[in-house]
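Position 48 of the sequence shown, counting from 1, maps to 166 under this note's numbering, and the rest follow consecutively.
Don't be surprised by glycine CBs; every beta carbon is placed ideally from N, CA and C.
Being a predicted model, the structure only gives us computed values, none of them experimental.
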Amino acid sequence: MAAITQSIKRLLPTNLPPVLKPGSGNLYEVLSRTPSGGVGSEVHQTRWSHKNIDNCYWVVTRSVFKCEGKHGKAWGRLYWRGKEVSPREERIPGSLKYSWKEGRSIIGNKDLLLPSKKPLPQKSA
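Below, the structure written as structure tokens:
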């Protein structure tokens, strides 16, 4: 089995094309990497995590791709802070404008993202 894996790795290029690289991208690039076209996937805008907005995501219900998965249309349901906001599917806005990732928005290290609550030292004259 290991020999088969090594043979396949030798056939693949060392640098993957941008469409196959895991990580963030526009919504259609992220969804087109999945076998189902993203249907049933949870995706979020990366800026939500940077703004300390936790547990927010879209659940994709359908998608249509153009230009090899770089453009298209996607519909889904929005969950904001864990609660469903959209009662029915709607078109997902900002799909090309923002950077997207799979999964829910999470706040990484809260100590690094939140400003310090320590008082500033007083300067003595």
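Alpha-carbon spacing of residue i relative to residue j, whole angstroms
i, j, result
"R206", "L130", "42 Å"
"M119", "R128", "15 Å"
"R133", "W198", "Here residue 133 turns out to be Asn, not Arg, going by the sequence shown. When rounded, the distance between both Cα atoms is 36 Å."
"G187", "N170", "30 Å"
"L214", "G190", "9 Å"
"K201", "D172", "11 Å"
"I126", "E147", "24 Å"
"Q124", "G141", "24 Å"
"C185", "S223", "28 Å"
Same chain, Cβ closer than 7 Å to residue i, neighbours up to 5 away in sequence not counted
i, result
"G212", "Q163"
Nearest candidate by alpha-carbon position, reference residue i, set the options
i, options, result
"S150", "I126, V182, C174, R222", "V182"
"R180", "S167, L145, L214", "L145"
"Y226", "W218, W166, Y216, K184", "Strictly speaking, residue 226 in this sequence is Gly, with Tyr absent from that position. Ranking the options by Cα distance to G226, first place goes to W166."
"W218", "T123, H168, Q124, I126", "H168"
"S154", "V178, I224, G141", "V178"
"P221", "A121, I122, T152, Q124", "Reading off the sequence, residue 221 comes out as Gly, not Pro. Among A121, I122, T152, Q124, the Cα nearest to that of G221 belongs to T152."
"W176", "R209, Q124, T123", "R209"
"Y216", "I224, S223, C174, G143", "G143"
"Y203", "I122, C174, C185", "In the sequence as displayed, the identity of residue 203 is Val instead of Tyr. Closest by alpha carbon: C174."
Residues bridged to residue i (per DSSP)
i, result
"E208", "G194"
"V161", "W176, E220"
"H189", "K184"
Neighbourhood of residue i by C-beta distance below 6 Å, restricted to the same chain and skipping five residues each side
i, result
"K236", "Residue confidence is low: K236 scores 48 on pLDDT, short of 50, so the model does not pin down where it sits. No coordinate-derived value is stated."
"I122", "none"
Would the segment 189 to 203 count as touching the segment 154 to 173 if we require 3 or more Cβ pairs under 8 Å? yes
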